[in-house]
Structures are given as C-alpha cells and as structure tokens.
Amino acid sequence: MKTTLSLFFILLFLNSFSQERFLEKNTNFSESTYTYQRIKKDKNLKLDFYKPKKRKGKVPLLIYVHGGGFSGGDRKDKAATDFAKEMVQYGYAVASISYRLTMKGIGFGCTTSSVLKIAAFNDVSKDISYAVKYFLKRKNKFKIDTDKIILVGSSAGAEAVLNLAYVYENKILDTNFKFAGIIAMAGATISIDKITTETAIPTQLFHGIQDDLVPYNIASHHYCKKDATGYLPLFGSKAIAEKLKLIKKPFYLYSVKNGDHSWNARPIYQCKNEIIDFLYYDVLKHQNRQVETAI
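Residue numbers for the sequence shown, in mature numbering (1 follows the signal peptide of the UniProt record, and there is no 0): -18 to -1, 1 to 277.
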C-alpha cells in the first residue's frame, strides 16, 4: 500500500510539473486580420492575429515569419496557421505576418548577387520591425505584454528573425526595446559578431545537420562556391549556439543528424513540447539554460 501511494504521488507531481509549462490550456480563441504597414493598396502588409479568449491580463506575443526564399510563401500557409492555432491554446497571442517578397522572380540561388541576398534579409527585418511597432503602439487594444514579444521564423523567416535580432541596425524600434526570445527553424545569419552579453536573448534553434540549403554550422548559403555571384558565408544554428555557449547565454539547440531542410517546418508538428518548454522556462522564467539535443 505504501509503495502504491508513493507511486501515485510521484505521478501526480510529474503531471503537475509538466502542466506547469503551460500558461493556460484553452481551445477558444479569436482571429482577426489587420494592415500593419501601408505601401500601396495591392501591396499593403497584413497580419493575422490570434488571441486566446477569456485570458486575463496581458499576454506574451509570438510573431511568426513564414519561409519561402524571400520570393514566395504566405502568412496563411498550413504551417503558419497550424502553429498559431496550436500556440494560442496555451495562452500565447500569435501574429502571422506578411512581408515584402523582394526576391520574387529573382530567386535566391548561386547566380543571385550576395548583395541582393543581404538586402532581402534587411528588408524583411524592416517589415517585421513595423509589425512590432504596430503592436507596441496598440498594446492596450491588443493586451500584449510588450516585454514578452518573441520572434519565430521558418527557413527564410528564420534567417530574417535572426538577422533582426543579431545583425540589423534598427532605426524603427526604440533603442531600449529588446525581444524576449527567438525561435529559428533552419535559419542562419551573416554574422555572429554582434551576439554579445548585452544583445543575446534566449534562442531556440532547430536544424537538420544535412540541410543543403541553409548551413547547419558555417558554410555558404546554398553551398555556393567562392567564385559564384551568390557566394555568401552564413553562420547556422550550431555556430550561433556555440557563440551563445561561449558568452554563457541561454540557448536550446535541437539538431537532427539525418535531417534536411524540411526541418524548417517539422518542429511545428514534432517538437511542440520542446517549444513550449523553451518558451516557459527560458523566455518567461529566465532560467538561463543551455540545452543541446540531438536525434
């Protein structure tokens, strides 16, 4: 009897511990569309905003940036909407945003100038900044906790959010503003020099080690040769994690040994628990962990 009771209380504790990561489980949410930046009538930038219902107080905001090589993709694609509808159930507001597809008709391969590639990173970082500014100016309307805005990106979106957090010279947001965290799925950045003890934020990185488009560690984008017009050295998830490890800042690196570029979306479906764990303990609770997982 004593053994049975002990087992019961252990299971009860483990269950309560696992549930602690969730802000609130609620399947009811609202969905609305807003124009966050006006360019031209047919090119205005919009976002879809998902908000948990009956949630009291201000809520953390996840800003989701879709992939598509800066030439395609959509804020309403399946991965974006599935991610938003999943995370909103756990107490997070989610904004899935559109941005300018500046490489449409140009491509992002080895024949595309590296200068144009960097410009694309910066253009999308600029658009994301306008989306953030839109929420900051309307924080009371949306009931957003402006100290808990987290960037989430897939593929090109991951490159854009990493660029915004760690490279881009932002003239749109206040110099005192700082993102609460970042989740990058198959992303990379052109430099890790600006990742310092002052700029570092909790960073979760998902990446397939065999990714042949966006390097897992340090290599050129699309593995272009040095003499190619599009040669652009990038620092992938492994390199970013190593820099954060060096300066003793929090990161969560999830590496997939045989994974390819499809891991730009697969974490949404296969790593929900890891995402929730990171958001709760590293972003909201500031536990300053350094986690490395390989499958």
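Even glycine gets a Cβ: it sits at the ideal position worked out from N, Cα and C. For clarity, every value in this text was computed on a predicted model and none was experimentally measured.
Asked                                                                                                        : Found
Nearest-angstrom Cβ-Cβ length linking S96 and L214, presumed shorter than 8 Å                                : 4 Å
Proximity winner among A276, D194, L44 and P232, relative to F117 (alpha-carbon distances)                   : L44
T275 classed as buried or exposed, judged by whether at least 16 other C-beta atoms fall within 10 angstroms : exposed
I222 and L187 closer than 8 Å at C-beta                                                                      : yes
CB of Y46 within 8 Å of CB of A75, strictly                                                                  : no
Contact check, S137 vs A168, beta carbons under 8 Å                                                          : yes
Residues sharing a beta bridge with A276, DSSP                                                               : S237
DSSP three-state assignment for G135, whether helix, strand or coil                                          : strand
Candidates F65, R248, L261 and W245: closest to V41 by CA position                                           : L261
8 Å CB neighbourhood of K35 in its chain, flanking five on each side removed                                 : N8, N10, F11 and S12
Assigned secondary structure, Y262 (DSSP; H/G/I helix, E/B strand, else coil)                                : helix
Pairwise C-alpha distance: K227 and G212                                                                     : 30 Å
Classification of N255 by the beta-carbon crowding that lies within 10 angstroms, buried from 16 upward      : exposed
Residue from K67, N152, I174 and K231 with nearest C-alpha to S14                                            : K67
V134 beta carbon less than 8 Å from that of residue 304                                                      : Nothing can be reported for residue 304, as the shown portion of the chain is limited to -18 through 277.
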